[in-house]
Each structure stands twice: as C-alpha cells, then as structure tokens.
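Worksheet: one structure, shown below.
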Amino acid sequence: MDAPVLAVGPVRLEPFAERHFTPRYVAWLNDPETVRYSEQRHHRRDLAGCRAYVDAMRGGGHLLWAIVAATPEAGHVGNLSAHLDRPNRTADIAILLGEASARRRGFGRAALSAACDWLLGAGGVRKVTAGTMAANAPFCAIARACGMHEEGRRRRHFLLDGDEVDLVMFARFAQPPAASG
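The sequence shown begins at 583 in the numbering used here and counts up one residue at a time.
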C-alpha cells in the first residue's frame, strides 16, 4: 500500500519523496528542542541515515508522509509515519513537526486527523495507536482532539532531563467495541 496524498485544512500529506531529502529536514532531527520528546534525541542523523530509514520504511510496507503547509512559502514542515501491522490491522503513528514556525498553528492536528481518518477508513486499519512522553502536552492535546483516547501508560518509562516520565499510549478505533455479553 502506498501513502496517498491527503489534504486537510492547512496541510497536505504527501508520500515522502526525493525532494523532501534536504539539509533542512536533517537539521530538524539534530535539533535538541525539536526532538526533545522523541527517541530521536539519542542519535545524530545525516542524509545517508535518513535515506536508509525511508528505504526501510518502504521495504517494510510502512507509510511515510511529508507534512507540507498549504502556503507554498512554508513548504515541507514535518513528517508523519505509520508502522503497519497488517495481520492485526493496526497502525502506530509517529509525527514530527520540524519547522518551529509550524508548531501551534493546527498543522499537527490536521495531519494526525487526516492520517487517522484515512487509515481507519480507506486504509483498512481497525485501530490506530500513538505514544508519547506524558511531558509532551502539545501532542497529548492533539491526540485527544483527533478522537484518540488514553489507552494506558508505562510508568516511569523514559528519562527526560534526568526525570522519570511515563509513556502515554493513545488509540482510536474504526468502530466502537462490541457489547460484551
């Protein structure tokens, strides 16, 4: 399955392509503030490593979108990935808004909403998940605004600035659970 183009509000999700491999993209991954709540914070990235990641995503049958602002001058502002588990019809989403100027402008919410809606509809997925550090209040708010519910926590899972922080796990289903009975 290829990632389709999805347009909603202030953003378009485009399949990640050669034109998205830029020094600007790599710089996001090496910016401590941008990756503060990501496990990317433990690694230094370069263009070759980014290409290897994209190749591995494609080779594994997963989806990777570039988040592109509707205003042409802003361009590529982030990425959204969906790791697919086809036998269980689930997708685990990760999102990174690399451009600081794109944050708190509705881009993350629009991108997550578009991806969830497509995956749970035409994408054939029954459950979408996402996880983050409890300290990542912006993503927690976006997940909830997109209809995701907190499904659980792994207590004291991460270390952030020397402090133990919970992993918060969110989920959204295509259909409500069947009545037990």
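Where a beta carbon is used, it is the ideal one built from N, C-alpha and C, also for glycine.
Residue i burial status per 10 Å Cβ neighbour count (16 or more: buried)
i, result
"Gly764", "Only positions 583 to 763 of the chain appear in this structure, which leaves residue 764 out of reach."
"Glu681", "buried"
"Ala652", "exposed"
"Leu781", "Not covered by the structure: residue 781. The range shown for the chain is 583 to 763."
"Ala696", "buried"
"Ala664", "buried"
"Val710", "buried"
"Ala719", "exposed"
"Arg633", "exposed"
"Ala585", "buried"
"Arg606", "exposed"
Separation of residue j from residue i, as counted between CA atoms
i, j, result
"Cys722", "Val650", "22 Å"
"Gly706", "Arg671", "7 Å"
"Ala717", "Asp699", "26 Å"
"His658", "Gly713", "23 Å"
"Leu595", "Glu615", "23 Å"
"Asp745", "Leu646", "31 Å"
"Trp610", "Ala760", "42 Å"
"Leu702", "His644", "15 Å"
"Tyr635", "Ile724", "26 Å"
"Ala648", "Arg726", "22 Å"
"Val593", "Ile677", "14 Å"
"Val590", "Asp667", "25 Å"
"Arg618", "Pro758", "34 Å"
"Ala704", "Val587", "13 Å"
"Pro669", "Arg708", "11 Å"
"Asp628", "Cys728", "32 Å"
"Phe752", "Arg685", "21 Å"
"Asp674", "Glu655", "30 Å"
"His624", "Val750", "19 Å"
"Arg562", "Asp613", "This structure cannot speak to residue 562, because the chain is shown only from 583 to 763."
CA nearest to the CA of residue i, picked from the options
i, options, result
"Ser683", "Ser695, Phe603, Gly660", "Gly660"
"Leu662", "Pro758, Ala693, Arg640", "Ala693"
"Met715", "Asp748, Ala727, Lys709", "Asp748"
"Asp637", "Val617, Pro654, Phe603", "Phe603"
"Asp743", "Arg626, Ala673, Ser620, Ala599", "Ser620"
"Arg640", "Gln622, Leu679, Arg626, Ala599", "Ala599"
Cβ-heavy atom distance, residue i to the ligand GTP, below 7 Å
i, result
"Gly705", "With respect to the ligand GTP, the structure shown offers nothing to examine, as it has no ligands at all."
Identified DSSP bridge partners for residue i
i, result
"Arg736", "Leu749"
"His731", "Ala753"
"Asp674", "His665, Thr711"
"Arg594", "Ala589, Val650"
Short CB-CB distance (under 8 Å) between residue i and chain C
i, result
"Glu655", "Given the protein chain composition of this structure (a single chain), no chain C is represented."
So does the region 732-741 actually touch the region 679-695, counting three or more Cβ pairs closer than 8 Å?
no
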